[in-house]
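Here's the structure we're looking at; comments come further down.
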Amino acid sequence: MDKEIVALAFESDARGVLVPILRDFIRNLRRVRPCTLELTHTIQLPALAYEINDELPTGWLRDCLQRLPSLQSLVVNAVRVFDYGSIKAIQSSQTHTRQHYALRLLDASACVNAIPTALMEAIWALPNLVYLGLSETRGAKDHRVLAQLKTLQNLRILKLARLHLQDAEIEIIAASIGHRVQSLDVRDNDLTDVSARVLTGKCFGDMPEIAEQGRDGGHNAFFEIDDLEGHVRRKLTRSMVGTLSVEDRAGEGLTHLYMARNRLTINGVAALLGKGRLHLLDVGEMPFYSSPDSYGRPDGDEARFLWALGRATVLRYLRITQDVLAGNLGSARGSSQLNPLTDVGPTNPERTTTVNTKSSKAVEATRPCSHSPEKHAKSHLHPLLLPKLRTLVLTDIPSHTTNPRVAQHLAEFIKTGCEQSAHAAQQAEKSYALPPGHSRAAAEREHTLTLFPLETINLEIKQIPVASGSTAMSRNQKPSPSWWEHPTLSTTNDRDSDAFWEAARNDFSFFEDDRDADGGRDEQSDSYRSRGIDTRQPVVDVVSEIARSVAGTARSQHLDICYIAK
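Right, dumping it as structure tokens:
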């Protein structure tokens, strides 16, 4: 009867053990005492292959729903027997009446046999769903299924990723969910700025008064949850629970939105942020960074984005492309994304505002005026423009590039963030009055976060292959991050190897001299670009360059820098 036993048996023998256990489990439901049946709250089935479909009875889903009164979670990811037959059988064939069940979480992602008619029947029979996952389930794209979502009055978490949804489907989804859903996952679809405007117009509720309070205002712990979807899933699958806090917040609209790998532009992101309602926004990589209606004025797009970011007073988590640091606004970034080692050209020095962060005095001088978006509207993003942000994830960072400005903008942003965090910690240590009966370390940390809330910067590094003929690893020839652990330059910790390394570091005499006509150079460079390298310029190791630039910066224990290999 324990789902953990089923999972353990499946890991040891999928074909010979799992199906008999499932069959016996369903058959014995009729013989078990009711008090025992009430102990089961979650069923999680692994993916089953085509050839074992016939070995499970068609009424397995009906028996589970009818005979397990406390069942609140059903996870059937990629389970092929979650099909029209099993869903149709949940309605009683003896009484000819349609029944409702108390299931609160249904994760039916990648269920290829769940046709639209079956999904409509399942949604009608499960009106108490709080969490619904239909990602990669092709039948969920049907307009009838999307319209049926309006019957789920308690729905708070909705996952519709990788369905090739377009703006027309978002119109139906927005009309169906209204202000009820708080976490929406529509990653890996074909959505544009039109979808962003539809969501802001129909799915964003009014700003709740409690959300406008700062950390000192003692607002509800609900607003401290970044991963709302994971939080609700853990609550419903680990134990039997009553009413969740997310269920009590009906009518507040979207607070967590995942729209990565769509066709959004910076204007669409600005529209989402400008409402000031989101606690989490994931837009990830943006192949079309600037909108077609910019009329050749990308600085207007950036100013609009920075203005909207300043209005995001409750935003705690942001995942976005690293191009926002440099203001790399082009009508289409497809070429630069496919070839990150191609120089994108110099930025206009007249439009650049330099932030001096070399000393604590400079930090103090910049803090009061850095809150003004106008000062940085024509420059790269500044950490102080993020009012309540706790976690910033920068995506699409190449591991190697021929454009040194990529590493420079990242290093400058990180260095500024470290100095601002250190300054906030010093200010909290000197000026904060310790409440009676509280830990000084905890109180100072809490006060530090009120001054500078940014806690984590995650850098998602995209590995770029570097040909053996590249002229340099980084601007100052620093070793790669994997070698930082060793006291010497070689992985063997051997002095002779170090000597050979130093001698051969800048020796590329064994390469053929390609200083011929321009046409030949271009043809050869094109062949290298196809492998991810441009031999005409030195290759910058982005991670090494960032580490070198930030090495002498004052660090704070309240700000973590993480490198994530993608």
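Note that UniProt numbering gives residue 22 to position 22 of the sequence shown, counting from 1, and the numbers run on in steps of one.
Don't be surprised by glycine CBs; every beta carbon is placed ideally from N, CA and C.
Beta-carbon separation of residue i and residue j under 8 Å?
{"i": "Ala47", "j": "Val75", "result": "no"}
{"i": "Ala118", "j": "Asp83", "result": "yes"}
{"i": "Met240", "j": "Gln408", "result": "no"}
{"i": "Val314", "j": "Gly276", "result": "yes"}
{"i": "Asn128", "j": "Asn154", "result": "yes"}
{"i": "Val186", "j": "Leu165", "result": "yes"}
{"i": "Ala252", "j": "Ile157", "result": "Inspection of the sequence shows that residue 252 is occupied by Glu rather than by Ala. Cβ atoms of Glu252 and Ile157: not closer than 8 Å."}
{"i": "Leu394", "j": "Leu309", "result": "no"}
{"i": "Leu152", "j": "Ile170", "result": "no"}
{"i": "Lys159", "j": "Leu199", "result": "no"}
{"i": "Tyr131", "j": "Leu236", "result": "yes"}
{"i": "Met286", "j": "Thr255", "result": "no"}
{"i": "Ala174", "j": "Lys202", "result": "yes"}
{"i": "Leu273", "j": "Ala303", "result": "no"}
{"i": "residue 584", "j": "Val539", "result": "In the structure as shown, the chain begins at 1 and stops at 566. Residue 584 is therefore absent and cannot be evaluated."}
{"i": "Ala411", "j": "Ile561", "result": "no"}
Assuming residue i is part of the beta strand (DSSP E), what are its boundary residues?
{"i": "Val283", "result": "Leu280 to Gly284"}
{"i": "Gln44", "result": "Thr42 to Gln44"}
{"i": "Lys462", "result": "Thr456 to Lys462"}
{"i": "Tyr317", "result": "Tyr317 to Thr321"}
{"i": "Tyr84", "result": "That residue, Tyr84, is in no beta strand (DSSP E); its alpha helix (DSSP H) goes Tyr84 to Lys88."}
{"i": "Lys159", "result": "Ile157 to Lys159"}
{"i": "Leu257", "result": "His256 to Tyr258"}
{"i": "Asp227", "result": "No beta strand (DSSP E) contains Asp227, which DSSP labels as neither H nor E."}
{"i": "Val186", "result": "Run containing Val186: none; DSSP gives neither H nor E here."}
{"i": "Cys562", "result": "Asp560 to Ala565"}
{"i": "Asp107", "result": "Leu105 to Asp107"}
{"i": "Ser73", "result": "Ser73 to Val75"}
Here's the rule: buried if 16 or more other CB atoms are within 10 angstroms of the residue's CB, otherwise exposed. What is residue i?
{"i": "Arg233", "result": "buried"}
{"i": "Thr36", "result": "exposed"}
{"i": "Ala140", "result": "buried"}
{"i": "Ile21", "result": "exposed"}
{"i": "Arg319", "result": "buried"}
{"i": "Gly437", "result": "exposed"}
{"i": "Gly284", "result": "buried"}
{"i": "Arg238", "result": "exposed"}
Can you give me the Cβ contacts of residue i inside the same chain, cut-off strictly under 6 Å, excluding the 5 residues immediately before and after it?
{"i": "Arg390", "result": "Arg316, Pro453 and Glu455"}
{"i": "Gly268", "result": "Asp193 and Ala196"}
{"i": "Ile87", "result": "Ala118, Glu121 and Ala122"}
{"i": "Leu325", "result": "His380, Leu381, His409 and Phe413"}
{"i": "Ile26", "result": "Trp60 and Asp63"}
Under 7 Å Cβ to Cβ from residue i, same chain only, skipping five residues before and after it: list those, please.
{"i": "Arg197", "result": "Ala271"}
{"i": "Ala250", "result": "Arg180"}
{"i": "Leu451", "result": "Ala424, Gln427 and Ala428"}
{"i": "Asn77", "result": "Ala47, Asp107, Ser109 and Ala110"}
{"i": "Ala147", "result": "Ile172 and Ser176"}
{"i": "Gly417", "result": "Pro383, Leu454, Ile457 and Leu559"}
{"i": "Thr137", "result": "Ala108, Ser109, Ala110, Cys111 and Ala114"}
{"i": "Pro69", "result": "Leu37 and Glu38"}
{"i": "Ala565", "result": "Ile461 and Gln463"}
{"i": "Val550", "result": "Ala411, Ile414, Lys415 and Cys418"}
Tell me the rounded alpha-carbon separation between residue i and residue j.
{"i": "Arg104", "j": "Leu281", "result": "25 Å"}
{"i": "Asp396", "j": "Arg261", "result": "11 Å"}
{"i": "Ile464", "j": "Val542", "result": "11 Å"}
{"i": "Cys64", "j": "Leu45", "result": "12 Å"}
{"i": "Ala442", "j": "Tyr563", "result": "27 Å"}
{"i": "Leu559", "j": "Ser183", "result": "27 Å"}
{"i": "Leu56", "j": "Ile115", "result": "19 Å"}
{"i": "Arg263", "j": "Asn189", "result": "8 Å"}
{"i": "Gly205", "j": "Gly300", "result": "27 Å"}
{"i": "Asp24", "j": "Trp60", "result": "11 Å"}
{"i": "His279", "j": "Leu392", "result": "12 Å"}
{"i": "Asn28", "j": "His143", "result": "39 Å"}
{"i": "Thr321", "j": "Thr40", "result": "44 Å"}
{"i": "Gly242", "j": "Thr58", "result": "31 Å"}
{"i": "Leu163", "j": "Gly178", "result": "20 Å"}
{"i": "Ala433", "j": "Asp248", "result": "36 Å"}
With respect to the alpha helix (DSSP H) encompassing residue i, which residues constitute its N-terminal and C-terminal limits?
{"i": "Ala250", "result": "Taken as a continuous stretch (DSSP letters only), Ala250 belongs to no alpha helix (DSSP H), as it is neither H nor E."}
{"i": "Tyr131", "result": "Run containing Tyr131: none in the alpha helix (DSSP H); it sits in the beta strand (DSSP E), Tyr131 to Gly133."}
{"i": "Pro404", "result": "Pro404 to Ser431"}
{"i": "Asp142", "result": "Note, Asp142: premise wrong, no alpha helix (DSSP H); not H, not E."}
{"i": "Pro398", "result": "No alpha helix (DSSP H) contains Pro398, which is instead part of the beta strand (DSSP E) from Thr391 to Pro398."}
{"i": "His447", "result": "Arg440 to Leu451"}
{"i": "Leu61", "result": "Trp60 to Arg67"}
{"i": "residue 580", "result": "Absent from the structure is residue 580, since the part of the chain shown begins at 1 and ends at 566."}
{"i": "Glu38", "result": "Note, Glu38: premise wrong, no alpha helix (DSSP H); not H, not E."}
{"i": "Thr270", "result": "According to the sequence shown, residue 270 is Ala rather than Thr. Note, Ala270: alpha helix (DSSP H), Ile266 to Gly274."}
{"i": "Pro20", "result": "Val19 to Arg27"}
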